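Report on the structure given below.
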Amino acid sequence: MSMIQALGNVSKVRGALIFVEDAEAELKFYRDVIGLRLLYRTRTFIRFDATQGTSLSLISGGTASAEPKDYRRGGVVPELIVDNLALAIRRLDSAGVRHEEVVRTAYGSFCFLWDPEGNPLQFYESAFTRPAEDTDRLPA
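With the numbering used here applied, the sequence shown corresponds to residues 43 to 182, in that order.
Structure follows, in structure tokens:
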């Protein structure tokens, strides 16, 4: 019996937690720049609606970084689905948000970005298609 089965089946991922140093500044970024709706707030904890019953939460106790944190070194990167990536990038640019170039694939387009404390995020726009042949895909 696997560990997951011994503990019960996982039915859903509720959301993601990001540890931050300045919760007030991060609140403004996630609400005003990213556009997430505030659900709940205390002095040390902030929860945003990430749609369809999921949430993105900020918790005091993290360490800000002047440089973007390298998402390739491990950790979790919250993926935020957007309807129009080009418009989202223009919004990021007008707010001076650090981001990488957009990557386009047969499945959709995405862009990595960073909040003011250097925490990575990803914007993703689905192409709503699946290529007939996907040589990178492995069996489930």
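We treat Cβ as the ideally placed atom computed from N, Cα and C, and that holds for glycine.
The structure displayed is predicted, hence computed values, not measured ones.
According to DSSP, is V62 part of a helix, a strand, or is it coil? strand
Using the three-state DSSP reduction, which class does E167 fall into: helix, strand or coil? In the three-state DSSP reduction, E167 falls in the strand class (E or B).
May I ask which residues mark the beginning and end of the beta strand (DSSP E) holding I131? Bounds of any beta strand (DSSP E) do not take in I131; it lies within the alpha helix (DSSP H) bounded by 127 to 136.
CB-CB length for I123 against Y166, believed under 8 angstroms: 5 angstroms
Residues in the same chain with beta-carbon distance under 8 angstroms from R115, minus the five sequence neighbours each way, listed in chain order, please. none
Between which two residues does the beta strand (DSSP E) holding F90 run? 87 to 91
Based on Cα-Cα distance, which residue from F152, L78, G103, G160 lies nearest to T86? G103
Please tell me whether T105 and F61 are closer than 9 angstroms, where the distance is taken between their beta carbons. Yes. Within cutoff.
Let me confirm a value: E143 is counted as buried when at least 16 other C-beta atoms fall within 10 Å, else exposed. Which label applies? exposed
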